[in-house]
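The structure appears right after this line, and notes come after that.
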Amino acid sequence: MRPAKSVRVSQRQPTACQGSPATECSRRKIRCDKQSPCSRCTRLSKTCTRELVHITKAFSAHRDELQFLQALLGELRTAANVDGAVSNICRRIDQLEHGPKTASPSGTKNNAPAPGPSQAATPTPVPAAGGSLAVDVDDDDDAPATLALVGKVTNGEGDADVRPSAADIGVGEYDANLAQSPSMFQDVELLAWGRRVTDCYPHRDCSCPLVRSYAELASINADPRWPALQGFQVTLPPAARLPVGQARHLMRFHMDYVFWHHNAFHTSTFLAQCERFWASGTVCHPLWAALYLSVTSVSLWTALNAESPSASSDVTEGAARAHFQAMLQTLYDCNFLQQLSLFSIQAVVISTRVAHNLGYSDLNATMVSACIRIAHCLGIHKIGPDHDRQAGDVPVADWYKTLEAEVGRRCWAQLVIQDHFQMPFTDTYMIHPWHYKTELPSNRNDDDMVIRDGNVATKSSYVRTLARIASLMPPLLDGLGPIRKRRPLSSIYKHILATDEALRHLVRTSPPFLLHQSPHDDQSHVWLPLARKSLAITVADKIILIHRPVLLQSFQSSQFQRTRQTCVAAAMTILREHGALAGGVSVSIWTHSAFCVTAAMVVGLELLYRSNHTDAEAQNLRQAMLKTSARLRSRNCDVIAERGAVLIDTILATEEELVVKIMRTEFSTSTIRELQQDVIDGMIKSHQLMARFLVLSSDDYSFGEPSSANFHNDGPDGSLDQGGGHECYNLSEVDVDSWFSDIFYADGNYGVPENL
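Below is the structure:
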């Protein structure tokens, strides 16, 4: 496209006035002050205009956009009712060819086309002079921080170009190119650093394939006909090799009973890669083997503790550990911290389901943190919205792009969940909600990738619900105040109760099939009863997590009685549902035994701080702890379960010692409460609980290194007296508080307090 001959070509926009022949400054040889409008035209009440020229620099910089807009304009002129769109495009073409217009004074005419209806109706916020995004924080401690955009807003009148003018930003001439793509220069700088951070994931319609490594692109790619696809021969360690038949059986077991818990890959794509590996021993990249070994280790460990007929019967206790260690070795051998790959992220987030139980909790935490940075480098935190995500059919041309972007969202969701739920261990988190724009995974089935309604069960449903719960954790921690100077305890407690209510609201809006039995869904999805039980245990654990900042104080002061009642009831829910799982659902997830540790601590505090240790309520608590200990000891290859059983033994022994010590002390009836609290506080401050725990556990394992010993101990597998779990939570008949009452306060000894 060439500039029109009727318009002069210039390197810059003229600034001298060009009015009517009778008043034009230049023709009358009167020096124009080059203001807009100029002072002479203002004094004479004349129209002040400037000559329109084609800016060579602007034309060269925007040649492609101009050609596109000209072609689009020709198409729109043939359609009906597109006057507004045509006007907008004309204005944009004029702006690109001639540069931005200067503002016209009130009562004068503007040579630019009038703004279309959309411009007049919708204000457009832009940064002000020298301004940018600003954080607006209310002085009130209880008010959350908000993000405000500081800038000018057009009202649809006058000049349609609302970007800062030359006078606003204090430069001689405002170039439209300055505001177009501020990241273009940054991209060049990052390339010089050897970095590539963009928001074009999955990198199909960009120049990233020219600069990104094969390890990155191969891990993202889902197209088996990708021209750049390579084959690598991989040989697994002998201890991690499985017969093809057993491997296929484990994969089917994983897809049926475990995949719903992480949803970190696309099943059809992964199974096709598995078939290629089983047939030829070749993979698209060596790091894919880490993903494969992560899946097999989790499957082996889950099958080892399952009673389902789908579980493999010839699984040995050392197999899960061998596959996990082979996964670690593969990551190290492939230098996964330098050879960035989505496979590494998938391997780590999936292996979380076995790492803690094998005794690698700290290792898992550090590897998740590393994977967060890998995800940043890959651009997974900046995956844009899929504009076709609500379409009934995904176009064939966009199938793989949609699939790859969705897998990226799933992996990012797992990183967010695991990062935010680690807060109790470190009092910090790495992923700030302001610093990513990737949305939740869609509610899709992997076979057709069509968006389903949120109330339709898919294997993404549980992860989506868990991610929403995890979103409460950063505001919870931030609301406590700086770690060096926490807010007053009264403000903290008010914040905790607000977060508790927010969690209840999330549960209220959760998919109904995750809250109550649905015969049709349960028959179609074998994993759904397990997911329902797991959600009950998880929600109870998060209730305790929310109240954790004042948990100990709630047993020492009646000011926090609500926290004490809520947390004890939540802990009993965990123990009760754990017993129901042992007697009903045939598959167990790693969190089932892990969250029993939290529950045991809460019930232990209740036993220690009780004023009566011999009533029926105390007996029920003690019996629940004993039966939980027996179930935990029956677990196979589960370090957390073994330590949880030792913790229960420690608490019960400490309670017995406490009762004996009080009985041997002279006191009056009026001082028994103060005496008991002083004794307990002294035990905690002197670390007697920790010392007793270490003594009892010294023969079972070493804290410095995970034990490779057999953790299986035969023992009774009883269920709690409370009668098992509660499956029927019909949201059409009860509200969320009633549901929480059923699940948290089913034991008659823990009635719902009036203020709950």
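Be aware that the sequence shown starts at 1, since it is given in UniProt numbering, and climbs by one per residue. Just so you know, even glycine gets a beta-carbon here, dropped at the ideal spot from N, CA and C.
In the three-state reduction of the DSSP assignment, R444 falls in the strand class, which pools E and B.
G379 counts as buried, since at least 16 other C-beta atoms from the protein chains shown sit within 10 angstroms of its C-beta. Partner residues in the beta bridge of F232, as assigned by DSSP, are V283. For the pair A303 and V315, the CB atoms are nearer than the 7 angstroms cut-off.
K533 counts as buried, since at least 16 other C-beta atoms from the protein chains shown sit within 10 angstroms of its C-beta. By the Cβ test, the region 354-364 is in contact with the region 318-329, since at least three Cβ pairs between them sit closer than 8 angstroms. Residues of the same chain with a CB within less than 7 angstroms of the CB of W260, apart from the 5 flanking positions on each side, are K459, Y462, W527 and A531 in chain order.
In the three-state DSSP reduction, I492 falls in the helix class (H, G or I). Assigned with DSSP and collapsed to three states, I383 falls in coil, not helix or strand. Our two residues, V659 and S299, have alpha carbons roughly 45 angstroms apart in a direct line. By the criterion of a C-beta distance shorter than 7 angstroms, C38 is surrounded in its chain by C17, C25, C32 and C48, once the five residues flanking it on both sides are discounted. Cβ-Cβ distances below 8 angstroms link P385 to E439 in the same chain, with the five nearest sequence neighbours on each side left out; the list follows chain order. S629 is the residue among S629, V602 and Q561 whose C-alpha sits nearest the C-alpha of G579. Classified as buried, Q339 has 16 or more neighbouring CB atoms from the shown chains inside 10 Å of its CB. Taken through DSSP and simplified to helix, strand or coil, I451 comes out as strand.
In the structure shown, K46 adopts coil according to DSSP, grouped into three states. Burial is judged here by how many other beta carbons sit within 10 angstroms of a residue's own beta carbon; K401 has at least 16 and is buried. Judged by DSSP secondary structure, N620 falls within the alpha helix (DSSP H) whose first and last residues are A616 to R633. Per DSSP, G359 lies in no alpha helix (DSSP H) and is assigned neither H nor E. Taking the CA atoms as reference points, L337 sits about 9 angstroms from C371.
Taking P202 as the centre and dropping the five residues before and after it, the same chain places the C-beta of I220, K401, E404, A405 and G408 closer than 7 angstroms to its C-beta, in chain order.
If one requires a minimum length of 4 residues, the alpha helix (DSSP H) runs lying completely within the region 214-259 are 214-220 and 244-257, in chain order.
In terms of Cβ geometry, A347 and L291 form a close pair [threshold 7 angstroms]. The three-state secondary structure of E404, taken from DSSP, is helix.
Per the Cβ contact rule, the region 485-495 is not in contact with the region 276-291 (fewer than 3 Cβ pairs under 8 angstroms). Nearest to S490 by C-alpha distance, out of L466, V450, H432 and S554, is S554. Taking C-beta atoms under 8 angstroms as the contact rule, G454 and N445 fail to qualify, at a distance of about 14 angstroms.
When DSSP states are grouped into helix, strand and coil, I431 belongs to the coil group.
I546 is positioned such that its CB atom lies no closer than 7 angstroms to that of D478. With respect to the 7 angstroms criterion, M473 and M430 are not classified as neighbours on the basis of their beta carbons. K437 and E657 have their alpha carbons spaced roughly 54 angstroms apart. For Q325, the enclosing alpha helix (DSSP H) stretches over residues E317 to D333.
From the listed residues S471, S518, Y609 and V258, the smallest Cα separation to S351 is found for V258. Just so you know, the alpha carbons of S45 and R91 end up roughly 27 angstroms apart. Cβ neighbours of G604 within its own chain (closer than 6 angstroms, five residues either side excluded): I651.
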